[in-house]
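Remarks on the structure that follows.
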Amino acid sequence: MGKVLVVYCSMSGNTKAAAEAVAAGARDAGAEVAVKTGFEAGPEDLLACDAVALGSYDAFSYMGGGLKDFLDRAFYPTKEEVTDKPYGAFVTHGGGGRAIGSVESVAGSFKLRKMADSVLVKGSPDEAASAQLRALGAALAEAAEG
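Following this line, the structure appears as C-alpha cells:
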C-alpha cells in the first residue's frame, strides 16, 4: 500500500473540504493517507510519502501562506531526495484561480512529477469538483504504488 500525503492551507474551509475529497479518493483506491495543514507538515512527511497532493486557496493569485511555509521549510532538507516523486495540485478560488501556477512552479523546483491535471475549484467543492478531486486522489494512490 502506497502512502499519499495531502498538504493544504485553508482560510474559509473550502480548501480543507477539497483536501478531504482528495484524501477520500486516495483511500478508496487503497492508499494510506496523511492529511496535514502546511503548518503541521514538515520535510519528514514529504520524505516519508510515495506521492503528495498540494492544495491552497488563491491568495492574490498566489498560493496561501500555509502551503508556502511548508514548501519553504521542506525544500532544502528534501531537495535531492524527492526528485520524480508523484504530485498533484488543487486550488480553491473566488474567481481568479491563478494561484495554481505558483503551486505548479514550486513543485517544478522540487522536480516533482505531475500525475494528473490540476483541479481548480470555484468556492466550495460541489459534486462535480468533488469527483475531480477524488479522481486526483485515486491517481496519486495509483502512482504511489509505483
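Be aware that the sequence shown starts at 1097, since it is given in my numbering, and climbs by one per residue.
Note that the Cβ used here is the ideal one computed from N, Cα and C, for glycine as well.
**Report entry** Where the alpha helix (DSSP H) containing Lys1175 begins and where it ends
**Finding:** Looking at the DSSP string, Lys1175 is not in any alpha helix (DSSP H), and its letter there is neither H nor E.
Query - Buried versus exposed call for Tyr1172 [16 or more other C-beta atoms within 10 Å across all chains shown] - result: That one is exposed.
Report task. Could you have a look at Lys1207 and say whether DSSP puts it in helix, strand or coil? Result -> coil
Query raised in the report: DSSP on Ala1155, reduced to helix/strand/coil?
Result: Ala1155: strand per DSSP, three-state reduction.
**Report entry** Residue nearest to Phe1166 in terms of C-alpha spacing, selected from Cys1105, Glu1128, Thr1179, Gly1190
**Finding:** Cys1105
Query raised in the report: Val1148 and Ala1237 look like a contact to me (Cβ under 8 Å); what is the Cβ gap, rounded to whole Å?
Result: Not quite, the Cβ-Cβ distance comes to about 12 Å (not below 8 Å), so this is no contact.
Query - CB of Glu1227 within 8 Å of CB of Val1217, strictly - result: At residue 1227 the sequence reads Ala, which differs from the Glu that was named. Cβ distance not < 8 Å, so Ala1227 and Val1217 don't count as in contact.
Query raised in the report: Looking at C-beta atoms only, is the number of pairs between the segment 1185-1199 and the segment 1151-1167 that lie closer than 8 Å three or more?
Result: Two segments are said to touch when three or more pairs of C-beta atoms, one from each, lie closer than 8 Å; by this definition the segment 1185-1199 touches the segment 1151-1167.
Query raised in the report: Skipping 5 residues on each side, what residues in its chain have a beta carbon closer than 8 Å to that of Arg1230?
Result: Ala1117, Val1118, Ala1120, Gly1121, Asp1124, listed in sequence order.
Requested in this report: Write down the C-beta distance between Tyr1183 and Lys1210 rounded to the nearest angstrom, noting that I regard them as a contact closer than 8 Å.
Outcome: That pair is a contact at about 6 Å.
Query raised in the report: Which residue spans inside the segment 1098-1172 form an unbroken alpha helix (DSSP H) run of at least 4?
Result: 1110-1124, 1139-1144
Requested in this report: Report the residue from Ala1127, Glu1140, Asp1154, Ala1203 whose alpha carbon sits nearest the alpha carbon of Gly1109.
Outcome: Asp1154
Query - Best match in Leu1163, Gly1138, Thr1111 for proximity to Gly1219 [C-alpha to C-alpha] - result: Residue Thr1111 is the option with its Cα nearest to Gly1219.
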